[in-house]
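Q: One structure is given below, represented as structure tokens, and several questions about it will come after.
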Amino acid sequence: MLRDVFITGCGRFLPGEPIANDRMEEHLGQIHGRPSLLGRRALRWNGIQTRHYALNDRGHEFESNAGMCAKSVRAALDAAGLSVKDLSFLATATTQGDYLVPGHATAVHGALGERSMEIASFQSVCGSSLMAAKSAWLNVGAGEHNVAAACAGELSSRWFRPAFYEGTALVDQKGRARAEADFLRFTLSDGAGTVIMEPQPRRDGLSLRVEFVDIVSFADRFDPCMWAGAPIETRGDLATGWGAGGPRAAHAAGAIALLQDFTLLKRVIRAWVGAYLEKVDCKRIVPAAVDWLLCHYSAQSLREEIVSLLEKTEGMVPQQKWFSNLAWVGNVGSASIWLMLEEFWRSGRLQRGQKVLCVVPESGRALIGFMLLEAV
Amino acid sequence: MQTVADVLRRLTIVFTAFEGRLEQTPLIRKLTRGRFELEDYRAFLVGLRQQVKDGALWMSRAASNIDEAHLELRSRLMRHAVTEHRDFRLLEADYVATGGALSAITGAPKNIGSEALSAWMFHEASKPNPFGLLGAMWIIEGLGSIKAAEWGRLAKERLSLPDAAVHFLLYHGENDTTHITEFEEMLGLVLPDDAVAARIVRAAEVTARLYALQIEEMAS
Numbered sequence: 001m002l003r004d005v006f007i008t009g010c011g012r013f014l015p016g017e018p019i020a021n022d023r024m025e026e027h028l029g030q031i032h033g034r035p036s037l038l039g040r041r042a043l044r045w046n047g048i049q050t051r052h053y054a055l056n057d058r059g060h061e062f063e064s065n066a067g068m069c070a071k072s073v074r075a076a077l078d079a080a081g082l083s084v085k086d087l088s089f090l091a092t093a094t095t096q097g098d099y100l101v102p103g104h105a106t107a108v109h110g111a112l113g114e115r116s117m118e119i120a121s122f123q124s125v126c127g128s129s130l131m132a133a134k135s136a137w138l139n140v141g142a143g144e145h146n147v148a149a150a151c152a153g154e155l156s157s158r159w160f161r162p163a164f165y166e167g168t169a170l171v172d173q174k175g176r177a178r179a180e181a182d183f184l185r186f187t188l189s190d191g192a193g194t195v196i197m198e199p200q201p202r203r204d205g206l207s208l209r210v211e212f213v214d215i216v217s218f219a220d221r222f223d224p225c226m227w228a229g230a231p232i233e234t235r236g237d238l239a240t241g242w243g244a245g246g247p248r249a250a251h252a253a254g255a256i257a258l259l260q261d262f263t264l265l266k267r268v269i270r271a272w273v274g275a276y277l278e279k280v281d282c283k284r285i286v287p288a289a290v291d292w293l294l295c296h297y298s299a300q301s302l303r304e305e306i307v308s309l310l311e312k313t314e315g316m317v318p319q320q321k322w323f324s325n326l327a328w329v330g331n332v333g334s335a336s337i338w339l340m341l342e343e344f345w346r347s348g349r350l351q352r353g354q355k356v357l358c359v360v361p362e363s364g365r366a367l368i369g370f371m372l373l374e375a376v
Numbered sequence: 001m002q003t004v005a006d007v008l009r010r011l012t013i014v015f016t017a018f019e020g021r022l023e024q025t026p027l028i029r030k031l032t033r034g035r036f037e038l039e040d041y042r043a044f045l046v047g048l049r050q051q052v053k054d055g056a057l058w059m060s061r062a063a064s065n066i067d068e069a070h071l072e073l074r075s076r077l078m079r080h081a082v083t084e085h086r087d088f089r090l091l092e093a094d095y096v097a098t099g100g101a102l103s104a105i106t107g108a109p110k111n112i113g114s115e116a117l118s119a120w121m122f123h124e125a126s127k128p129n130p131f132g133l134l135g136a137m138w139i140i141e142g143l144g145s146i147k148a149a150e151w152g153r154l155a156k157e158r159l160s161l162p163d164a165a166v167h168f169l170l171y172h173g174e175n176d177t178t179h180i181t182e183f184e185e186m187l188g189l190v191l192p193d194d195a196v197a198a199r200i201v202r203a204a205e206v207t208a209r210l211y212a213l214q215i216e217e218m219a220s
């Protein structure tokens with residue numbers, strides 16, 4: 001790398017008021033007007049208490065994904081003491097943008113306005129955040145740009161409205177949604193977050209020097225674990241995907257909704273653990289030297305045997321060093337890691353010289369990303 | 001000096017890479033994609049039986065090559081061998097419960113992977129103080145405690161099999177933290193020692209590769 005790169009500002013945008021667990025299903029709309037069978041279990045498992053939706057309780061969107069992203073970019077620039085006029089590179093991340101085409105960065109840039117700039121769109125699931133961050137980091141480090149933004153946003157709730165499930169193969173004759181479809185409705189929500197990167201630290205206050213961003217994909221060995229665009233049973237076979245019979249047939253086959261395979265998720269979690277321990281084994285990550293761990297996965301959701309395994313292999317960062325706001329901000333997919341970093345930074349916990357490890361597992365097709373930061 | 005924690009970490013990495021390789025074998029792909037047929041399940045049982053039958057035998061041989069300075073490890077391996085040495089009968093019973101003929105499973109030859117795996121195990125077990133085999137045990141025990149029940153549930157669901165036909169996969173393994181603790185204790189009997197540590201990890205890698213080859217070679 002030609003020069004060091006620093007995160008000099010962090011910004012977020014969360015739409016509307018926090019929605020509590022007892023109101024969330026009604027807010028999204030019940031499938032065929034019936035309460036979910038596994039909703040409560042999903043909420044217990046993910047530990048989320050409140051979240052935000054860019055839909056009002058009549059199902060109307062009052063924000064767009066790109067609009068939320070642009071607001072978080074402005075907030076991050078503001079936190080760094082900069083404005084849109086200073087920004088020359090914008091990398092965006094999302095799971096599902098507002099348009100199917102063109103890329104999400106065009107929509108975010110459109111919403112930001114003010115000037116022309118270089119852009120890059122990254123689309124995956126949670127891990128797309130670090131893909132965009134790596135792009136911003138490399139661009140600033142290589143001297144291509146002096147002010148870069150890596151932003152991530154989600155508007156998952158629009159995909160969770162009843163019409164996405166009703167009349168499809170995802171709902172049985174009694175009107176109950178299949179677990180693969182239902183679970184994510186109780187897990188994901190809306191918002192956006194951004195980090196600003198520059199080749200020098202702030203003159204006032206703390207900055208975070210980016211030590212590395214590493215991303216590892218295991219798509220070579222797994223079928224999709226969280227996906228949209230193919231029915232559940234035949235998702236490994238792209239010839240039978242959403243395009244095979246046209247949009248109406250795809251909807252009826254349940255190929256449009258966002259889906260999650262839980263059996264596969266267990267195997268994917270072990271692959272994440274393996275990838276993490278490999279970083280520990282080659283000393284890329286030294287758990288004892290990590291002061292704060294921001295993981296887009298709650299320690300409470302890790303099963304006992306995984307925690308025990310991490311402890312026995314000297315890979316565990318003690319739980320008192322974990323910071324997470326998943327419980328009150330919700331799981332906002334790609335935006336979660338920036339929402340976490342922003343709130344952590346604001347909390348005043350961070351001290352100069354401390355190391356912050358960000359870990360972003362993505363079930364999508366089994367991917368995990370790591371970013372190591374040092375407060376300077 | 002390589003500690004127990006260092007070796008456990010390397011072994012975990014080897015196991016997760018192994019799991020990734022299994023995931024790509026044709027038989028396991030059929031199973032996880034729901035295209036698994038009864039003939040595939042039978043081929044699976046036949047293929048597993050050879051290695052399960054040999055398991056207690058190489059373990060006994062390894063025990064007999066462990067010196068007096070490591071009596072505790074010798075005792076544990078012998079107990080282990082006794083516990084498991086009849087398990088291949090469960091596979092035979094499962095096979096018969098699927099409607100297969102007993103002679104078809106007892107008379108089946110080893111596939112190419114099973115030949116290689118078995119030869120490697122007995123070769124390694126014949127060396128003095130064959131501590132590297134702890135790495136082989138990690139892979140094979142890991143299959144029993146992590147993968148077997150998962151495969152058993154998928155096969156049972158896909159083929160609507162009665163419990164009696166999935167006994168080995170479903171009820172043989174147990175997935176709990178005591179399993180890792182026991183293994184950790186065994187590692188503690190031979191570590192820290194860099195040469196032994198390297199041999200344990202290497203044996204795990206070779207066993208994982210040959211085990212995957214055994215599954216690649218299973219076809220209905």
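In the order they appear, the protein sequences are chains A and B. Residue 1 is where the first sequence starts when you use our numbering, and the numbers rise one by one after that. Residue 1 is where the second sequence starts when you use our numbering, and the numbers rise one by one after that. All C-beta atoms, glycine included, are put in the ideal place defined by N, C-alpha and C.
#1: Between which two residues does the beta strand (DSSP E) harbouring GLN123 (chain A) extend?
#2: Mapping the DSSP letters down to three states, classify ARG209 (chain A) as helix, strand or coil.
#3: For PHE262 (chain A), does the three-state DSSP call read helix, strand or coil?
#4: Taking only beta carbons into account, state which residues of the segment 196 to 220 of chain A come closer than 8 Å to chain B, listed in chain order.
#5: With 8 Å as the threshold, decide whether the Cβ of LEU309 (chain A) is near any Cβ in chain B.
#6: Would LEU90 (chain B) pass as a contact of PHE168 (chain B) if the rule is Cβ separation under 8 Å?
#7: Would you check if the distance between the CB atom of ALA17 (chain B) and the CB atom of THR98 (chain B) is smaller than 8 Å?
#8: State whether the segment 46 to 65 of chain B contacts the segment 103 to 121 of chain B, with contact taken as three or more CB pairs (one from each stretch) at a distance under 8 Å.
#9: Along the beta strand (DSSP E) that carries GLY153 (chain A), what are the first and last residues, could you check?
#10: What are the start and end residues of the beta strand (DSSP E) that includes VAL195 (chain A)?
#11: Please state whether DSSP places TRP292 (chain A) in a helix, a strand or coil.
#12: What are the start and end residues of the beta strand (DSSP E) that includes CYS10 (chain A)?
#13: Taking only beta-carbon atoms, is ALA17 (chain B) less than 8 Å away from chain A?
#14: Would you list the one or two residues that DSSP bridges to PHE370 (chain A)?
#15: Between GLN51 (chain B) and chain A, is the shortest Cβ-Cβ distance under 8 Å, so that the two count as touching?
#16: Listed in chain order, which residues of the segment 244 to 278 of chain A have Cβ atoms closer than 8 Å to some Cβ of chain C?
#17: Is the shortest distance between the beta-carbon of PHE370 (chain A) and the beta-carbons of chain B less than 8 Å?
#18: By DSSP, does TRP338 (chain A) sit in helix, in strand, or in coil?
#19: Quick one: list the residues of chain A neighbouring GLU184 (chain B), beta-carbon separation under 7 Å, in chain order.
#20: Can we say the segment 177 to 197 of chain A touches the segment 273 to 292 of chain A, given the rule of at least three CB pairs closer than 8 Å?
#21: Nearest CA to the CA of ALA275 (chain A): which residue from B:ALA101, B:MET78, B:ARG10?
#22: For TYR99 (chain A), does the count of other Cβ atoms within 10 angstroms reach 16, so buried, or fall short, so exposed?
#23: Residues of chain B with a CB under 8 Å from the CB of ASP223 (chain A): which are they?
#24: Closer than 8 Å, Cβ to any Cβ of chain B: which residues of the segment 142 to 172 of chain A, in chain order?
#25: Compute the beta-carbon to beta-carbon distance between VAL381 (chain A) and ILE368 (chain A), rounded to the nearest angstrom, for a pair I have assumed lies under 8 Å.
#26: Can you tell me which of A:LEU310, A:SER88, A:ILE306, A:PRO361 puts its alpha carbon nearest to the alpha carbon of CYS295 (chain A)?
#27: Would you say GLU233 (chain A) reaches chain B, if we count a Cβ-Cβ gap shorter than 8 Å as a contact?
#28: In chain order, what residues of the same chain lie with their CB nearer than 8 Å to the CB of CYS374 (chain A), ignoring the 5 residues before and after it?
#29: Which residues in the same chain as GLU157 (chain B) place their Cβ atom closer than 8 Å to its Cβ, once the five residues preceding and following it in sequence are excluded?
#30: If you draw a straight line from the alpha carbon of GLY132 (chain B) to that of ARG202 (chain B), how long is it in whole angstroms?
#31: So which residues on chain A does THR12 (chain B) lean against when the C-beta distance must stay under 8 Å?
#32: Drop a sphere of 10 angstroms on the beta-carbon of TYR297 (chain A), count the other beta-carbons inside from all chains shown, and report buried for 16 or more, exposed for fewer.
#33: By the criterion of Cβ-Cβ separation under 8 Å, what are the contact partners of VAL444 (chain A) in chain B?
#34: Whole angstroms is fine: what's the gap from GLN200 (chain A)'s alpha carbon to ALA149 (chain A)'s?
#35: From TRP377 (chain A) to LEU258 (chain A), what distance separates their C-alpha atoms?
A: If we stick to the structure as given:
#1: Taking the first sequence and counting its residues from 1, the one referred to as residue 123 (chain A) is at position 123. Where GLN123 (chain A) is concerned, the enclosing beta strand (DSSP E) stretches over 118 to 123.
#2: One-based indexing of the first sequence puts residue 209 (chain A) at position 209. Correct three-state label for ARG209 (chain A): strand.
#3: If you number the first sequence from 1, residue 262 (chain A) lands on position 262. The answer is helix: DSSP assigns PHE262 (chain A) an H, G or I state.
#4: PHE218, ASP220
#5: As a working note, residue 309 (chain A) is residue 309 in the first sequence. Closer than 8 Å to some Cβ of chain B, the Cβ of LEU309 (chain A) qualifies, so yes.
#6: Within the second sequence, residue 90 (chain B) is the residue found at index 90, counting from 1. Within the second sequence, residue 168 (chain B) is the residue found at index 168, counting from 1. Cβ atoms of LEU90 (chain B) and PHE168 (chain B): closer than 8 Å.
#7: What you label residue 17 (chain B) is simply residue 17 of the second sequence in a count that begins at 1. What you label residue 98 (chain B) is simply residue 98 of the second sequence in a count that begins at 1. For ALA17 (chain B) and THR98 (chain B), no; Cβs fall outside 8 Å.
#8: They touch, by the three-pair rule.
#9: On the first sequence, residue 153 (chain A) is found 153 positions in, with the first residue counted as 1. DSSP places GLY153 (chain A) inside the beta strand (DSSP E), whose first and last residues are 148 to 154.
#10: In the first sequence, the residue the question calls residue 195 (chain A) occupies position 195. In the DSSP annotation of this structure, the continuous segment of the beta strand (DSSP E) that includes VAL195 (chain A) starts and ends at 191 to 198.
#11: In the first sequence, counting from the first residue as 1, residue 292 (chain A) sits at position 292. The answer is strand: DSSP assigns TRP292 (chain A) an E or B state.
#12: Here residue 10 (chain A) refers to the residue found at position 10 of the first sequence. Note, CYS10 (chain A): beta strand (DSSP E), 6 to 13.
#13: Here residue 17 (chain B) corresponds to residue number 17 of the second sequence, with the count starting at 1. Yes - at least one Cβ of chain A is within 8 Å of the one on ALA17 (chain B).
#14: Stepping through the first sequence from its first residue, residue 370 (chain A) is reached at position 370. Paired residue(s): A:ASP214, A:VAL359.
#15: Taking the second sequence and counting its residues from 1, the one referred to as residue 51 (chain B) is at position 51. GLN51 (chain B) does not count as touching chain A.
#16: Given the protein chain composition of this structure (A and B), no chain C is represented.
#17: Looking up residue 370 (chain A) in the first sequence gives position 370. Chain B contact via Cβ: absent.
#18: Residue mapping note: residue 338 (chain A) aligns to position 338 of the first sequence, counting from 1. Three-state DSSP puts TRP338 (chain A) in a helix.
#19: Numbered from 1 along the second sequence, position 184 holds the residue referred to as residue 184 (chain B). Chain A residues near GLU184 (chain B): LYS312.
#20: no
#21: The sequence position of residue 275 (chain A) within the first sequence is 275, counting from 1. Ranking the options by Cα distance to ALA275 (chain A), first place goes to B:ARG10.
#22: Position 99 of the first sequence, counted from the first residue, corresponds to residue 99 (chain A). Looking at its Cβ environment, which holds fewer than 16 other Cβ atoms inside 10 Å, TYR99 (chain A) is exposed.
#23: As a position in the first sequence, residue 223 (chain A) is number 223, starting the count at 1. The contacting residues are THR32, ARG33.
#24: So nothing in the stretch comes that close.
#25: In the structure displayed, chain A extends from 1 to 376; residue 381 (chain A) sits before or after that span and is not available.
#26: In the first sequence, residue 295 (chain A) corresponds to position 295, counting from 1. Selected option, being the one with the closest Cα: A:PRO361.
#27: For the purposes of this step, residue 233 (chain A) is taken as the residue at position 233 of the first sequence. Taking Cβ atoms only, chain B reaches closer than 8 Å to GLU233 (chain A), which makes this a yes.
#28: Here residue 374 (chain A) refers to the residue found at position 374 of the first sequence. Before going on, a small fix: residue 374 (chain A) reads as Glu here, not Cys. Around GLU374 (chain A): LEU208, ARG209, GLU211, GLY353, GLN354, LYS355, VAL356.
#29: For the purposes of this step, residue 157 (chain B) is taken as residue 157 along the second sequence, with counting starting at 1. Closer than 8 Å at the Cβ level, and outside the excluded window around GLU157 (chain B), lies no residue.
#30: By one-based count along the second sequence, residue 132 (chain B) stands at place 132. By one-based count along the second sequence, residue 202 (chain B) stands at place 202. So the two alpha carbons sit approximately 8 Å from each other.
#31: For the purposes of this step, residue 12 (chain B) is identified with residue 12 of the second sequence, where counting begins at 1. Chain-order list of chain A residues neighbouring THR12 (chain B): VAL273, GLY274, LEU277, LEU309, THR313, by C-beta distance under 8 Å.
#32: Here the question's residue 297 (chain A) lines up with position 297 in the first sequence. Buried.
#33: Examination of residue 444 (chain A) is not possible in this model, given that chain A is present from 1 through 376 alone.
#34: Your numbering for residue 200 (chain A) matches position 200 in the first sequence. Your numbering for residue 149 (chain A) matches position 149 in the first sequence. The straight-line gap from Cα to Cα measures roughly 15 Å.
#35: With chain A covering 1 to 376 only, the question about residue 377 (chain A) has no answer from this structure.
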